[in-house]
Amino acid sequence: MVPKGKVTTYGKVAAAAGYPLYQRAVARLLRRDDHRSLPWQRIVGAGGEIKLKGAAAAEQRLRLTMEGVKFRGKRVEMGTCEHTLRSWETFD
62 MVPKGKVTTY GKVAAAAGYP LYQRAVARLL RRDDHRSLPW QRIVGAGGEI
112 KLKGAAAAEQ RLRLTMEGVK FRGKRVEMGT CEHTLRSWET FD
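Reminder that position 90 of the sequence shown reads as 151 in our numbering, one-by-one numbering, no gaps.
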């Protein structure tokens, strides 16, 4: 689980789950309505980029800002806000 105020990338979630090439599958799973209880807003694209479009991107940025995540322009400041996932955290 990615703690409040931190983020990780789709690729790192996939790698921690044992599927390093399946970052797009992670993105698709998080977009499903039945997974809205997951902290979907804490998963971003490589380099801290918000990959969602339009209102969804604005909502993600707002949620992250409310959690204390810092941005530099359109990207999350990964140096201070990135959470390093360990394989056992993917199943919490």
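For every residue, glycine included, the Cβ atom is placed at its ideal position computed from N, Cα and C.
- Sequence-distant Cβ neighbours of Leu125 in its own chain, meaning closer than 6 Å and more than five residues away, are Gln102.
- Per DSSP, the unbroken alpha helix (DSSP H) holding Thr141 starts and ends at Met139 to Cys142.
- Under DSSP, Glu110 forms a beta bridge with Arg136.
- Its Cα nearest to that of Glu138, the residue Ala107 stands out among Gly115, Ala107 and Glu120.
- Across the structure, Gln121 and Leu82 are spaced so that their CA atoms are roughly 24 Å apart.
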